[in-house]
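Residue numbers (the numbering used here): 6 to 175.
We put the beta carbon where it would ideally sit given N, CA and C, even for glycine.
This one's a predicted model, so the numbers in the text were calculated from it and none came from an experiment.
Take a look at the structure below.
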Ligand SMILES: [Zn+2]
């Protein structure tokens, strides 16, 4: 397991001087530290999680967003029991995004399991921009219920103003 803090710190929930300094300097956030400690707990009970590499974490309102490798995200998508343990440990919805994701990839990760059919940028006269996306989902009411949270997350982490359009999946 790798996290933004030392593995020993994550396992003991106590930061060493080096990590403490990084936190003070803003090179680490409280979400990074919280996320690392929680993943260390999950890794104790799961070989899969023990192989994860957590790159960072964000907290947006009550939601937790974890940045992982794409191979780790694949494990979460194919092992619902591991995903359930994450939500129990974090006591919130946990969203997963790939490290170094492009804006498009980030949006695809956040809206999963919906599909991104199209996206394009709309420039406003004042120079600001909106990103219009078209989504297809098999469970439309579920996606629509989450869309305001998705917009907040994308705005806070990527500074992207989303406009969402739906297309039903046949
Ligand atoms: Zn440390």
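Asked	Found
Entirely enclosed beta strand (DSSP E) segments - the region 48–98, minimum 3 residues	59–65, 68–73
Contacts around residue 63, its chain only, beta-carbon distance under 7 Å, and the 5 residues preceding and following it disregarded	36, 70, 162
Candidates 27, 171, 52: closest to residue 120 by CA position	171
Spatial neighbours of residue 33 in its chain, beta-carbon cut-off 8 Å, leaving aside the 5 residues before and after	9, 10, 24, 27
Identity of the residues DSSP links to residue 125 by a beta bridge	137
Residue environment, residue 60, which counts as buried when at least 16 other CB atoms sit within 10 Å	buried
Where the beta strand (DSSP E) containing residue 150 begins and where it ends	Premise fails: residue 150 lies in the alpha helix (DSSP H), 145–163, not in any beta strand (DSSP E).
Residue 106 in three-state terms, based on DSSP	coil
Cβ-based burial, residue 144 [other Cβ within 10 Å; buried from 16]	exposed
Length of the line joining the Cα atoms of residue 73 and residue 123	25 Å
Cα-Cα separation, residue 135 to residue 83	33 Å
Run of the alpha helix (DSSP H) containing residue 25, from where it starts to where it stops	22–30
Among 154, 29, 7, nearest to residue 97 - alpha-carbon criterion	154
Buried or exposed (CB count within 10 angstroms, at least 16 for buried), residue 13	exposed
Cβ-Cβ distance between residue 101 and residue 78 below 8 Å	yes
Which residues DSSP lists as bridging residue 142, in chain order	173
Other residues of its chain near residue 128: CB distance less than 6 Å, five sequence neighbours each side excluded	134
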